[in-house]
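Encoded as structure tokens, the structure appears first; notes follow it.
In the numbering used here, the protein residues as written are 1167 to 1439.
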């Protein structure tokens, strides 16, 4: 009886194995996948580990094309991927408990300021899903400082549908050729957009967007121009799609003349709401 029970368990295990293998082959044939972790199944005596297969977001935007534009300054003397003013990952950030609502501030209004509702294909006020504080940068030691506290938050999570297109926040500015922004940095899951043609964040608006799946065609163009000395960089029009949301949230930070601001400000970035 013991031998028969063992034989039966092995037979069930073999059947489950071939069923999972068939599912894996079928999933791979249908598109790009990612193995995330193993899932246990089977009786209390026998454990069979089956791979959990998940579809990946396709970053490609069919038929998309991207222009380039000459910069209007000297190229940055710090490689962009290592620059704490260009690649937000160098600074880093931490969650904070700021209110996840629009905030009313007093002061002047720039009618040409980039509007964050146009991050989305159909402009909307998204649900704010999280808030973060970005670290200061200590230029003397070339290292991360303390968290910035000028505002309750300076990096805002916005709820998205995985795979939805993400667009350049539209503005009233034209840096040439009907383009709103120049791409200071582009990587697989983040992008930095500048509303002037200087290769720095010193003047004008800069927007950092995290957890976005940037179109590989745009990354390839950026990498080519960056390797060629950054005399030119990619240029995008207002509300032009450049990637897709990686998951249920993108994170957005807005700067003016280098200063990180509150992305919840109604009068600045959400003027129609």
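Each residue gets a CB set at the ideal place from its N, CA and C atoms; glycine is no exception.
As the structure is a prediction and not an experimental result, all values here were calculated from the model.
Relative to the C-alpha of residue 1434, which residue among 1261, 1223, 1268 and 1233 is closest? 1268
Considering Cα atoms alone, identify which of 1381, 1303 and 1326 is closest to residue 1450. Shown here, the chain extends from 1167 to 1439; a query on residue 1450 therefore has no answer.
I think residue 1253 touches residue 1264, with their Cβ atoms under 8 Å apart; what is that distance to the nearest whole Å? Not confirmed; about 24 Å, so no contact.
Exposed or buried, which one is residue 1389 when buried takes at least 16 other CB atoms within 10 Å? Exposed.
Boundaries (first-last residue) of the beta strand (DSSP E) holding residue 1373: 1371-1376
In angstroms with no decimal places, state the Cα-to-Cα distance between residue 1257 and residue 1374. 12 Å
Buried or exposed (CB count within 10 angstroms, at least 16 for buried), residue 1272: It is exposed - the Cβ of residue 1272 has fewer than 16 other Cβ atoms within 10 Å.
By the three-class DSSP mapping on this structure, what secondary structure does residue 1271 have? Residue 1271 carries a coil assignment under DSSP once its states are collapsed to helix, strand and coil.
From 1308, 1349, 1337 and 1251, residue whose alpha carbon lies closest to that of residue 1436: When each option's Cα is compared against that of residue 1436, the closest is 1337.
Beta-carbon contacts of residue 1317 that lie in its chain and below 6 Å, excluding the five residues immediately before and after: Closer than 6 Å at Cβ, skipping near neighbours: 1428.
Under 8 Å between the Cβ atoms of residue 1332 and residue 1376? no
In this structure, does DSSP put residue 1289 in helix, strand or coil? coil
Since I believe residue 1365 is in contact with residue 1350 (beta carbons under 8 Å), could you give me their beta-carbon distance rounded to a whole number of angstroms? 7 Å
Span of the beta strand (DSSP E) around residue 1339: Careful: residue 1339 lies outside any beta strand (DSSP E) and carries neither H nor E.
Tell me the residue span of the beta strand (DSSP E) that contains residue 1322. 1321-1325
Let me know the secondary structure DSSP gives residue 1362 once reduced to three states. coil
Got a sec, what are the start and stop residues for the beta strand (DSSP E) residue 1303 sits in? 1294-1304
When the Cβ atoms of the region 1339-1350 are set against those of the region 1316-1330, are three or more pairs found closer than 8 Å? They do not touch, by the three-pair rule.
Looking at the secondary structure, which residues open and close the beta strand (DSSP E) in which residue 1232 lies? Here residue 1232 belongs to no beta strand (DSSP E), and DSSP marks it neither H nor E.
Nearest-angstrom Cα separation, counted from residue 1302 out to residue 1432: 25 Å
Selected residue, minimal CA-CA separation from residue 1235, among 1396, 1278, 1423 and 1266: 1396
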